[in-house]
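Before any comments, here is the structure.
Residue numbers (UniProt numbering): 1 to 267.
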């Protein structure tokens with residue numbers, strides 16, 4: 001048994017308790033989805049990537065990584081292709097809010113006082129906010145008012161200099177990056193055995209009108225399921241993303257959870 005693991009669920013409970021009961025060790029919760037990612041990648045990309053970023057950040061800070069949420073909120077047509085693709089398996093917003101709220105409260109019960117939600121699925125964002133708000137409110141009713149939660153999405157740490165290296169021909173925005181260069185490059189570096197770039201469909205970036213229609217119109221989404229072409233993805237671009245995003249997440253953890261430098265000492 002590896003008691004040095006960063007994955008909380010791999011520890012026996014006494015070892016876990018000794019790590020978290022003081023409240024100083026952060027717990028990172030990856031939050032993903034089961035969602036189609038084109039012809040060239042698997043449907044758990046949004047789980048694999050935030051879990052890996054959480055693992056890397058935990059290894060640098062002494063934090064622990066909770067088991068990931070493998071289902072997320074419904075795929076939106078303009079950011080994930082749409083919830084109508086076979087395989088995409090989603091939760092209602094109320095279900096996601098309730099489950100995440102319960103998990104946050106459970107970690108607080110264990111003694112955890114620093115939590116970080118590492119999001120890997122854009123559509124989860126507002127439901128994370130609601131879950132955290134309700135959890136902190138209910139914890140305060142029970143006298144626990146010292147829990148702090150960071151909520152972040154790994155792609156938000158990609159700075160302009162990195163964007164220029166990743167997209168030398170111009171960047172069209174994160175909203176059409178679903179299954180495109182960013183996610184594919186990361187998967188090529190981390191899980192090349194799960195990527196079949198030769199099966200990727202090259203097409204012009206998706207365009208949508210400035211409004212939504214319900215039920216969605218599948219013809220608005222490229223038939224591939226991706227919203228931009230992944231053909232320019234490379235493992236080397238994955239390295240750029242791993243470096244800049246991991247560094248940003250680590251800095252966020254230290255800034256918000258580590259005024260005394262304890263996390264730095266844990267490296």
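We treat Cβ as the ideally placed atom computed from N, Cα and C, and that holds for glycine.
All of these numbers come straight from a predicted model, not from anything done at the bench.
Residue burial annotation: residue 38 is buried, with at least 16 other C-beta atoms found within 10 angstroms of its C-beta.
Of all C-beta pairs linking the stretch 124 to 140 to the stretch 92 to 105, three or more are shorter than 8 Å, placing the two stretches in contact.
Taking the C-beta atoms as reference points, residue 144 is found no nearer than 7 Å to residue 116.
Sequence-distant partners of residue 108 (beyond 5 residues in either direction) whose C-beta falls short of 7 Å from its own C-beta, in its chain, are 139, 144 and 147.
Around the beta-carbon of residue 3, fewer than 16 other beta-carbon atoms lie within 10 Å, marking it exposed. In this structure, residue 82 sits near residue 221, with a CB-CB distance shorter than 7 Å.
Straight-line spacing of the CA atoms in residue 120 and residue 75 works out to 12 Å.
Nearest to residue 233 by alpha-carbon distance, out of 194, 216, 180 and 240, is 180. In this structure, residue 189 lies away from residue 156, with their beta-carbon atoms at least 7 Å apart. Residues of the same chain with a CB within less than 6 Å of the CB of residue 257, apart from the 5 flanking positions on each side, are 26 and 114 in chain order. A check of alpha carbon separations from residue 241 across 192, 213 and 185 identifies 185 as the nearest. Close CB contacts of residue 91 within its chain, under the 8 Å cut and outside five residues either way in sequence, are with 71, 72, 73, 74 and 99 (chain order).
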